[in-house]
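There are 2 protein chains.
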Amino acid sequence: MNIGEIAKRAGVSRSTVSYALSGKRPVSAATARRINEVIAELGYRPNASARALAEGRTRTLSLVIPPASRRLTDVQLGFVASVVEAAATHDLDVLLSPSGGDHDRSFERVVTGRRVDGVILMEILLDDPRVARLEQESLPFVTIGHVERPGASSWVDVDYAELITRCVHHLADLGHRDIVLINRSDELVAAGYGPALRASSGFLTAAGQRGLTAHTVCCPDEPAAGLACFEEIRHRWPEVTAAVTINEAALPGLQRALRHAGLDVPGDFSITGVIAGRLAESFHPPLTAADVPAEEMARLAVDLLVERIADPDAPHRHALLRPDIALRSSTGARHR
Amino acid sequence: MNIGEIAKRAGVSRSTVSYALSGKRPVSAATARRINEVIAELGYRPNASARALAEGRTRTLSLVIPPASRRLTDVQLGFVASVVEAAATHDLDVLLSPSGGDHDRSFERVVTGRRVDGVILMEILLDDPRVARLEQESLPFVTIGHVERPGASSWVDVDYAELITRCVHHLADLGHRDIVLINRSDELVAAGYGPALRASSGFLTAAGQRGLTAHTVCCPDEPAAGLACFEEIRHRWPEVTAAVTINEAALPGLQRALRHAGLDVPGDFSITGVIAGRLAESFHPPLTAADVPAEEMARLAVDLLVERIADPDAPHRHALLRPDIALRSSTGARHR
DNA sequence: GCCCTCCGTCCAACCGGTTCGACAGACCTC
DNA sequence: GAGGTCTGTCGAACCGGTTGGACGGAGGGC
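Protein sequence lines correspond, in order, to chains A and B.
So for the first sequence, the numbering used here puts the first residue at 13; every next one is plus one.
So for the second sequence, the numbering used here puts the first residue at 13; every next one is plus one.
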């Protein structure tokens, strides 16, 4: 059942049906009614592939995710769900493409087969080859996270350096003198993962300004690693009284380690950082932390992308978000 | 840059290029080499929409997910990632379509616009309208979870009734006499969500067989609810010494409630159930539980779907998985 | 040398839409 | 009543692939 069938039954030409549907040229009321009746009766819907071919656009976005093997964090999952949601408000579909590892076939297929109108990249490295690939292919894209040259593309990100700085000041104001940053994994840092690097430098700079003694550790994205990591911290720097973290996956392990060490939060030890809000609230006690506004970021990313698709030559835009630190109950005055 | 351009530069007709690419007819070695050179030089890749239109298939699957507002559980997330992964091994792309709430436009668009070759449905209700819709549209589909009439479609599921039964026997063997099932939310049960209903009936039947006193409660999919729910259990049935659960989201709250009540696991209280393996291991202590094999299920679902797409008239097949209970450390002998 | 086969290639139709230019007829104007 | 505009519709080209039938030429059998 195609547009020709509808045209035949309504006694008009194919183009008239097309115009009736798109409204791009006027159609008499009587004809429109006849056409709509036939369409309703037959349950006709235009074939998406044919339309995409003719229009030169697919009404589809690609969301490039890290491969499943590397488990997604809560923040990342928030992005996926929210991007799909935001795209739906523009009547766009979302194609999920793994990239990295041996999954670059999917990425290539999507990029080069004109399968989508635009791409949203997440888990961006400071110098990301996929960005170069998309630029070369001149396919509109927006990144969640940003590469080193901030003017080179459209992006949305949270200002990790600034948020971590605020965390440090918050702890300093509470009297803490020895603090530690629990970062993401070694591998990510080595690969040039922006948030990890920006968090680290923001942390050290702010600690320096306030005259604090600061240490940083990398911790694999797993609960068990969080436990081991904290025990190492206690062993190497027993004087530390507060931690800042951006490693969500390590939180359960961290929690267990704290209990195991008999430390009360925030009585004996304070914790803060940049964390998905939902996760911060399920910590015990709820974490004082900057919540990553995944939903807002996803919405912004999709809006930026839609804009770029409409006008690929417009200047790049970006949004650097700095959500307030939500004061919950995991930080307190130092009294050891 | 299209197939005509390649043909021109290689000095052959468009069809020859097509045949060289698909291998559906023999092409002389010399011609093939010339064509491949031009293709490599220009970085040509066939336009996916045009190919889809001509071939009548899109090489794309749709994965229908619950809307983002209803947060995805860990098990569900495992499905999404694993389905994408499994589809990639068949060189298929995955379109993510929210359904339910006000997102049925996406579902309709995908189903009726011939946008995909097949659909994977998750979060199936015992009597799911989407199943009927897909049948009517005669679009191949596979469900993760199964509707009431098991022969009506192809599906893969875990045998919740059986697994919960095993959990009950396990607890009974340990001497527990009063147990409770912490189920998913009221709404899901009311909507006819299969796992919740099958878990419940399996639980009650098994408890009856073993002569145990059994209670069931529904608990919203949130940590806070888990806490409240456990406190209610302690209040209403203080004699209960063990819980079985399929509610992952409630686990953190449950954990907090146990600590708050000063209960040692498994010394004072045992917990088991059907849970994503990763989550079971991040509980403290690690949960003795049947791990939902999300990866295997996703792989099976994709395989079944690919099979159905190839031969839509083949009889329906299904897989009902019964993973062993992984013995960890959250269950012990009753001694109160 | 003739006929048949087979191999490699080409032409043209087709998939199902969109869109541009043309045009018939109604209506207005002078 | 001739000429001009406006409205609604149609025909045909086009998007970029795939595919079936036709066809020319090389090679083999007689």
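Glycine included, C-beta positions come from ideal geometry on N, C-alpha and C.
At which residue ranges does the stretch 177-235 of chain B contain complete alpha helix (DSSP H) runs of 4 or more residues, listed in the order of the chain? 198-203, 206-222
From A255/B, L270/B, E243/B, pick the residue whose C-alpha is nearest to that of R189/B; which is it? In the second sequence, residue 189/B corresponds to position 177, counting from 1. Closest option to R189/B, Cα to Cα, is A255/B.
If we count Cβ pairs, one from each stretch, closer than 8 angstroms, do we get three or more for the stretch 120-136 of chain B versus the stretch 145-157 of chain B? yes
Which residues in the same chain as I321/B place their Cβ atom closer than 6 angstroms to its Cβ, once the five residues preceding and following it in sequence are excluded? Mapped onto the second sequence, residue 321/B falls at position 309. Cβ neighbours of I321/B beyond the five flanking positions: D129, G130, P152.
List the residues that DSSP assigns as beta-bridge partners of G130/A. Counting from one through the first sequence, the residue named residue 130/A turns up at place 118. Beta-bridge pairing links G130/A to L73/A.
Under the assumption that H330/A contacts S213/A (Cβ atoms under 8 angstroms), give the Cβ distance between them as a whole number of angstroms. Stepping through the first sequence from its first residue, residue 330/A is reached at position 318. Stepping through the first sequence from its first residue, residue 213/A is reached at position 201. With a Cβ gap of about 20 angstroms, H330/A and S213/A do not count as contacting.
Quick check on the DSSP output: the alpha helix (DSSP H) that includes D105/B runs from which residue to which? Here the question's residue 105/B lines up with position 93 in the second sequence. D105/B -> not in any alpha helix (DSSP H); beta strand (DSSP E) instead, spanning 105-110.
Kindly say whether E97/B, judged by its beta-carbon, lies nearer than 8 angstroms to any beta-carbon of chain A. Taking the second sequence and counting its residues from 1, one reaches residue 97/B at position 85. E97/B counts as touching chain A.
Would you please verify whether the beta carbon of A62/B is less than 8 angstroms from any beta carbon of chain A? The residue labelled residue 62/B in the question sits at position 50 within the second sequence. For A62/B, the answer is yes, since a Cβ of chain A falls inside 8 angstroms of its Cβ.
Measuring CB to CB, does V286/A end up less than 8 angstroms from L175/A? Within the first sequence, residue 286/A is the residue found at index 274, counting from 1. Within the first sequence, residue 175/A is the residue found at index 163, counting from 1. Going by C-beta atoms, V286/A is nearer than 8 angstroms to L175/A.
Shortest alpha-carbon distance to I337/A belongs to which of A310/A, P297/A, A292/A, E260/A? The residue labelled residue 337/A in the question sits at position 325 within the first sequence. The shortest Cα separation from I337/A among A310/A, P297/A, A292/A, E260/A belongs to A292/A.
For chain B, find out if any of its Cβ atoms is closer than 8 angstroms to the Cβ of L6/A; answer yes or no. As displayed, chain A neither begins before 13 nor continues past 348, which places residue 6/A out of reach and without an answer.
Rounded to a whole number of angstroms, what is the C-alpha to C-alpha distance between E319/A and E147/B? The sequence position of residue 319/A within the first sequence is 307, counting from 1. The sequence position of residue 147/B within the second sequence is 135, counting from 1. Roughly 38 angstroms separates the two Cα atoms.
Do H272/A and V252/A have their CB atoms nearer than 8 angstroms? One-based indexing of the first sequence puts residue 272/A at position 260. One-based indexing of the first sequence puts residue 252/A at position 240. Not in contact: H272/A and V252/A (Cβ atoms no closer than 8 angstroms).
Where G90/B and P335/B are concerned, what is the direct C-alpha to C-alpha distance, given to the nearest angstrom? Within the second sequence, residue 90/B is the residue found at index 78, counting from 1. Within the second sequence, residue 335/B is the residue found at index 323, counting from 1. Rounded to the nearest angstrom, the gap between the Cα atoms of G90/B and P335/B is 16 angstroms.
Quick one: residues in its chain with C-beta nearer than 8 angstroms to the C-beta of D315/A, no 5 flanking neighbours on either side, listed in chain order? Within the first sequence, residue 315/A is the residue found at index 303, counting from 1. Excluding sequence neighbours, D315/A sits near A98.
Since V39/A meets chain B, which of its residues come closer than 8 angstroms, beta carbon to beta carbon? In the first sequence, counting from the first residue as 1, residue 39/A sits at position 27. By Cβ distance, chain B contributes nothing, its closest Cβ being about 22 angstroms from V39/A, past 8 angstroms.
Hey, how far is the Cα of D116/A from the Cα of P110/A? What you label residue 116/A is simply residue 104 of the first sequence in a count that begins at 1. What you label residue 110/A is simply residue 98 of the first sequence in a count that begins at 1. Rounded to whole angstroms, D116/A to P110/A spans 7 angstroms at the Cα level.
Residue interval of the alpha helix (DSSP H) (run including F119/B): For this step, residue 119/B is matched to residue 107 along the second sequence. Segment 116-124, the alpha helix (DSSP H) holding F119/B.
Exposed or buried, D303/B, counting other C-beta atoms within 10 Å across all chains shown (16 or more means buried)? The residue given as residue 303/B occupies position 291 in the second sequence. It counts as buried.
F242/A and L263/A closer than 8 angstroms at C-beta: The residue given as residue 242/A occupies position 230 in the first sequence. The residue given as residue 263/A occupies position 251 in the first sequence. No; because the gap between Cβ atoms is not below 8 angstroms, this pair is not in contact.
Looking at A60/A and G68/B, is the spacing between their C-beta atoms short of 8 angstroms? Numbered from 1 along the second sequence, position 56 holds the residue referred to as residue 68/B. Numbered from 1 along the first sequence, position 48 holds the residue referred to as residue 60/A. Not closer than 8 angstroms, so no.
D325/A CB to nearest chain B CB: under 8 angstroms? The residue labelled residue 325/A in the question sits at position 313 within the first sequence. No - not a single Cβ of chain B is within 8 angstroms of the one on D325/A.
Can the beta-carbon of D233/B be found less than 8 angstroms from the beta-carbon of R196/B? Here residue 233/B refers to the residue found at position 221 of the second sequence. Here residue 196/B refers to the residue found at position 184 of the second sequence. Yes. Within cutoff.
Evaluate H158/A with the Cβ neighbour count: other Cβ atoms within 10 Å of its Cβ, from every protein chain shown; 16 or more gives buried, anything less gives exposed. Sequence index remark: in the first sequence, residue 158/A carries index 146 (1-based). It is buried - the Cβ of H158/A has at least 16 other Cβ atoms within 10 Å.
Reference I191/A, options V201/A, L200/A, T225/A, P162/A, closest by Cα: As a working mapping, residue 191/A is identified with position 179 in the first sequence. Of the listed residues, the one whose Cα sits closest to I191/A is T225/A.
Compare the C-beta of R121/A with all C-beta atoms of chain B and state if any pair is closer than 8 angstroms. Along the first sequence, one-based indexing puts residue 121/A at 109. Chain B, which has a Cβ nearer than 8 angstroms to the Cβ of R121/A, makes this yes.
Relative to the C-alpha of R161/B, which residue among R340/B, I51/B, H328/B is closest? For this step, residue 161/B is matched to residue 149 along the second sequence. The shortest C-alpha separation from R161/B is found at H328/B.
Closer than 8 angstroms, CB to CB, is A44/B near chain A or not? For the purposes of this step, residue 44/B is identified with residue 32 of the second sequence, where counting begins at 1. With 8 angstroms as the cut-off, A44/B does not count as an interface residue toward chain A.
Figure out for me which residue from Y31/B, L332/B, I283/B has the closest Cα to the Cα of E1/B. Residue numbering for chain B in the displayed model covers 13 to 348; residue 1/B lies beyond these limits and cannot be assessed.
Taking only three categories from DSSP, how would you classify A60/B? On the second sequence, position 48 is the one that residue 60/B refers to. It is helical.
Is it the case that the Cβ atoms of D105/A and L107/B are separated by a distance below 8 angstroms? The residue labelled residue 105/A in the question sits at position 93 within the first sequence. The residue labelled residue 107/B in the question sits at position 95 within the second sequence. It is a contact, given that the beta carbons lie within the stated cut-off.
Taking 8 angstroms as the threshold (C-beta atoms), are V168/B and L312/B in contact? Translated into the one-based positions of the second sequence, residue 312/B becomes position 300. Translated into the one-based positions of the second sequence, residue 168/B becomes position 156. Against a cut-off of 8 angstroms, the Cβ pair of V168/B and L312/B comes out as a contact.
Three-way DSSP call (helix, strand, coil) for V170/A in this model: In the first sequence, the residue the question calls residue 170/A occupies position 158. In the displayed model, V170/A falls within a strand according to three-state DSSP.
Based on the DSSP secondary-structure assignment, which residues constitute the bridge partners of R153/B? For the purposes of this step, residue 153/B is taken as residue 141 along the second sequence, with counting starting at 1. First, the amino acid is wrong: residue 153/B is Phe here, not Arg. According to DSSP, F153/B bridges with V131/B.
Taking a cut of 7 angstroms between CB atoms, which residues from the stretch 268-298 of chain A lie near chain B? R268, S294, H296
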